[in-house]
Ligand code: PAF
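Numbering (our numbering), first residue to last: 63 to 351.
Shown next as structure tokens:
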């Protein structure tokens with residue numbers, strides 16, 4: 063596994079691999095790697111001949127007052143975590159390498175970026191789509207791997223790749239959870255012990271929604287209320303949104319007669335966490351037929 067810090071060096075490595083007929087896979091990350099990232103890396107090394115993991119805390123996707131400065135940066139530990147996985151290249155550039163002093167070009171996806179994460183974090187998706195485009199331009203992968211925890215992000219990237227005719231397959235891998243259900247996130251390290259206990263409520267609210275749908279409830283407003291009621295029992299949990307949305311458009315649904323995504327964002331203390339779950343209503347029973 064080789065570490066590259068410049069665009070030119072990683073490009074040369076990828077070009078050499080491609081010349082040997084290898085397929086190229088990329089796992090874009092901001093580092094502070096956990097088992098969720100490593101599941102993407104594993105999927106990538108299985109599917110592709112040459113795996114590039116990018117590690118870059120992208121300043122343009124953080125808003126003013128967000129956690130850009132304190133976001134965990136631990137390249138050495140990340141390289142150790144990646145060592146057993148058969149990764150070929152790690153691309154860990156500096157800010158200066160990625161954004162020159164006159165940088166003034168951004169990639170904006172409309173529509174699907176607007177609600178939820180887009181509304182709570184203005185400019186966030188513009189930063190994500192810009193850096194992902196730059197990483198795709200540099201690495202030129204055949205396949206790119208994203209996690210379902212950032213459900214809206216994965217949808218936005220898919221939209222961008224389709225709209226801009228990027229010849230890249232986007233694969234989205236399942237959320238990896240702690241045994242108590244908390245979705246793995248690099249931001250979980252910010253939580254105090256008490257906040258960590260309360261953070262379980264996000265996945266618990268999604269489990270509740272799944273149970274209600276499995277029991278036959280079809281009214282999103284009632285399900286949302288039950289989720290909010292469950293979350294409100296935790297004093298340090300401040301909900302930003304709870305939504306039941308169409309998996310393709312991120313628009314709220316009026317009734318649950320096809321799969322929907324339940325999505326939640328909340329501050330637990332000072333830490334903003336997100337989670338989601340696909341809810342699939344049972345087929346109408348054919349009893350009596
Ligand atoms: O999901 C992330 O870690 C980031 O948003 C990404 C895709 C690496 C872009 O900076």
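Don't be surprised by glycine CBs; every beta carbon is placed ideally from N, CA and C.
According to DSSP, residue 330 shares a beta bridge with 299 and 333.
Placement of the Cβ of residue 199 at a distance of 7 Å or more from every heavy atom of the ligand PAF is found. Shortest gap from the CB of residue 193 to any heavy atom of the ligand PAF: under 7 Å.
Boundaries of the beta strand (DSSP E) around residue 206: 205-209.
Ranked by how close their Cα comes to the Cα of residue 170, the residues 202, 117, 225 and 138 have 225 in first place.
Inter-segment contact for the segment 324-333 and the segment 262-274 is present: three or more beta-carbon pairs are separated by less than 8 Å.
When only Cα atoms are considered, residue 111 and residue 186 end up about 32 Å apart. At a cut-off of 7 Å, the beta-carbon of residue 174 does not count as near the ligand PAF: no heavy atom of the ligand is closer than that. Judged by their CB atoms, residue 201 and residue 72 are nearer to each other than the 8 Å cut-off. The beta-carbon distance between residue 131 and residue 93, rounded to whole angstroms, is 15 Å. This is too long to meet the 8 Å contact definition. Taking a cut-off of 8 Å on C-beta distances, the segment 138-155 does not touch the segment 268-285, as fewer than three cross pairs fall below it. Under the three-state reduction of DSSP, residue 106 is assigned to helix. Contact between the segment 204-219 and the segment 279-292 is absent: fewer than three C-beta pairs spanning the two stretches fall below 8 Å.
DSSP, reduced to helix, strand and coil, places residue 279 outside both helices and strands of the structure shown, so it counts as coil.
Residue pairing of residue 112 in beta bridges, as defined by DSSP: 86. Counted as a single uninterrupted DSSP element, the stretch harbouring residue 66 is not any alpha helix (DSSP H) but the beta strand (DSSP E) occupying residues 64-66.
Within the same chain, 161, 168, 185, 188, 189, 192 and 193 come within 8 Å of residue 122 by CB-CB distance, once the 5 residues on both sides are set aside.
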